[in-house]
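Heads up, the thing below is written out as structure tokens.
Protein chains: 2
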Amino acid sequence: MPSRSSSRYAVLGILSLEPMSGYDIKKFIETSVAHFWRESYGNIYPLLNRLTDEKLVRRRTERQKGKPDRHVYSLTDRGRAAFLEWLGEPVKEDAVRSELLLKLFFGRHLEPGRLEVHLEEYRVVQTRILGALRGTREMLEAHHAEHPDLRYWMLTLRRGELVARARLQWARESLQDFRRPGNKEKES
Amino acid sequence: MPSRSSSRYAVLGILSLEPMSGYDIKKFIETSVAHFWRESYGNIYPLLNRLTDEKLVRRRTERQKGKPDRHVYSLTDRGRAAFLEWLGEPVKEDAVRSELLLKLFFGRHLEPGRLEVHLEEYRVVQTRILGALRGTREMLEAHHAEHPDLRYWMLTLRRGELVARARLQWARESLQDFRRPGNKEKES
DNA sequence: GGCCTGTATATCATTCCGATATATAGCAGA
DNA sequence: TCTGCTATATATCGGAATGATATACAGGCC
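Which chain is which? The protein sequence lines are S and L, in order.
All residue numbers for the first sequence refer to my numbering, where the first residue is 1 and numbers rise by one.
All residue numbers for the second sequence refer to my numbering, where the first residue is 189 and numbers rise by one.
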């Protein structure tokens, strides 16, 4: 029964795709799962050391010319077993924290126009996210159409798109609502 | 320029509504902003001590019969100023972490049926959340129709509803897709 | 020559959660 | 009656995780 930090299973899962370094793991996350998962170096490096001690991963050091040593990690059998066990366990609830909604909740005390600025910034961010997701989708369909994991990647991508679209819709409709002057209540 | 932990501003903001204890703050969060913000006691109590030291809040101790002492905190002028300043500042990006999507991303290695179980549990949770949001909406419309903050509370509620609905749609649609046997690719 | 970017790892302070402890009252059930 | 649960109320502690910072060298840019 694992029930440990999920970061460790994210790392084990990524290493199950292909052996790589902590640096590579970070890059991989940024280019593929960033819309639902992130890790900092400050978490990855100490974690890889712990996983090595626990014999869930194996370290191989590559000396390089000019560049620092590279520690390439690969999954051990124990590591793969721990990962697979975690995979089937019930999903833990994730943390909920939206600083935007926190500010809007107290929005009556914002100076005039500030609320709209917050919403507009959010709208821009969500638009950018949606574009990035569409880009990823097209890239996957073009270059990985036969990949056995494609179906699962598309599944996560689809959730990203639907949620981003909902957020975008909310931002647009709220901006309309708040930009119409003298509309102090939500009367239709 | 604040740029501190947001938890402190959540607490200051709640205390701006009405003086209360750490225990009350937790209860308030659970019954009103829980769909986008949460705090643990392990964060609230030490934080209230720090805020007291920094003279952003003031502590008044109420002795009680049978029950432990109650520390009632109220906002100072400095506390209110710090809160208002934070409110107008640009919103910081929040953490993104979905354990469900992490597991689905590696879904090919799940035992048959497990993926559907994960999705189904998620569907149930989102349905419950949506129901709770609707309940809150009705309660607010019935009992706080004239509250000056109502418009802002509805704004956050609306976002919760739209996002929960999008998640629900995704869960249903994905379950259909994965329950249809022999449907190995996403052909329409 | 100075500066930024990329490669690569590591550490540290700070933030935060979840578990646990303490103490008392009241209520339900065996 | 005894047990255990829930509610009130605060506090501490271990562990997880982030963000900032440090180190070090290569290459490109202006």
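For glycine and all other residues, C-beta sits at the position ideal for the given N, C-alpha and C.
A quick note: this is a predicted structure, and the numbers were derived from the prediction, not measured.
- Under 8 Å from the C-beta of tyrosine 152/S: neighbouring residues of chain L: Leu292, Phe293, Phe294, Gly295 and Arg296
- Query: Using a Cβ-Cβ distance under 8 Å, would alanine 270/L count as near chain S?
  - Reply: no
- Query: Could you give the distance in angstroms between the alpha-carbon of methionine 189/L and the alpha-carbon of serine 5/S?
  - Reply: Note that methionine 189/L has pLDDT 40, beneath the 50 cutoff, so the model's placement of it is unreliable and the number below is only indicative. Each residue's alpha carbon lies about 34 Å from the other.
- To the nearest angstrom, report how far apart arginine 134/S and leucine 288/L are at their CA atoms. 21 Å
- Message: Given this structure, state the Cα-to-Cα distance separating arginine 246/L from glutamate 273/L, to the nearest angstrom.
- Response: 19 Å
- Contacting positions in the stretch 212–229 of chain L - beta carbon closer than 9 Å to chain S: Ser220, Val221, Ala222, His223, Phe224, Trp225 and Arg226
- Sub-8 Å separation of leucine 130/S and arginine 159/S beta-carbons: no
- Task: For glutamate 89/S, name the three-state secondary structure that DSSP assigns.
- Result: coil
- Message: Please identify the residue among Glu309/L, Ser228/L and Phe271/L whose C-alpha is closest to the C-alpha of leucine 203/L.
- Response: Phe271/L
- Task: Kindly indicate which residue of Glu89/S, Leu87/S and Leu51/S has the alpha-carbon position closest to the one of valine 72/S.
- Result: Leu51/S
- Message: So, does the stretch 284–298 of chain L touch the stretch 136–152 of chain S, judging by three or more C-beta pairs under 8 Å?
- Response: yes
- Item | Members of the stretch 89–104 of chain S that neighbour chain L once the beta carbon cut-off is set at 8 Å | Pro90, Val91, Lys92, Glu93, Asp94, Ala95, Val96, Arg97, Ser98, Glu99, Leu100, Leu101, Leu102, Lys103 and Leu104
- Could you give the residue range of the alpha helix (DSSP H) that holds serine 16/S? 7–17
- Item | Positions along the stretch 130–145 of chain S whose CB lies within less than 7 Å of some CB in chain L | none
- Item | Any chain L beta carbon closer than 8 Å to arginine 159/S | yes
- Going by beta carbon distance, what residues of the same chain come within less than 8 Å of serine 376/L, once the five residues before and after it are set aside? Interpretation of serine 376/L is limited by its pLDDT of 39, a score under 50 that renders its predicted location unreliable; the figure taken from the coordinates is listed afterwards. No residues qualify anywhere along the chain.
- At 8 Å on the CB atoms, spell out the chain S contacts of threonine 344/L, in chain order. Leu101, Leu104 and Phe105
- Item | Backbone CA spacing between aspartate 365/L and arginine 355/L [nearest angstrom] | 15 Å
- Task: Can you give me the Cβ contacts of alanine 132/S inside the same chain, cut-off strictly under 8 Å, excluding the 5 residues immediately before and after it?
- Result: His35
- Task: Leaving out five residues on either side along the sequence, give the residues of the same chain with a beta carbon under 7 Å from the beta carbon of glutamate 304/L.
- Result: Leu363, Phe366 and Arg367
- Item | Between the CA atoms of arginine 70/S and valine 351/L - distance to the nearest angstrom | 42 Å
- Given that aspartate 265/L touches chain S, what residues does it touch there, using C-beta distances under 8 Å? Per Cβ cutoff of 8 Å: no residues; aspartate 265/L is ~14 Å from chain S at best.
- Task: Could you spell out where the beta strand (DSSP E) holding valine 245/L opens and where it closes?
- Result: 245–250
- Query: The alpha helix (DSSP H) with leucine 328/L in it runs from where to where?
  - Reply: 302–331
- Interface partners of proline 336/L on chain S, CB under 8 Å: Arg108
- Query: Does the beta-carbon distance from aspartate 212/L to serine 98/S come in below 8 Å?
  - Reply: no
- Check the Cβ of valine 351/L against every Cβ in chain S and list those closer than 8 Å, keeping chain order. Val163, Ala166, Arg167 and Trp170
- Message: Quick check: is the beta carbon of glutamate 304/L nearer than 8 Å to any beta carbon in chain S?
- Response: no
- Helix, strand or coil: how does DSSP classify leucine 150/S here? helix
- Taking only beta-carbon atoms, is glycine 22/S less than 8 Å away from chain L? no
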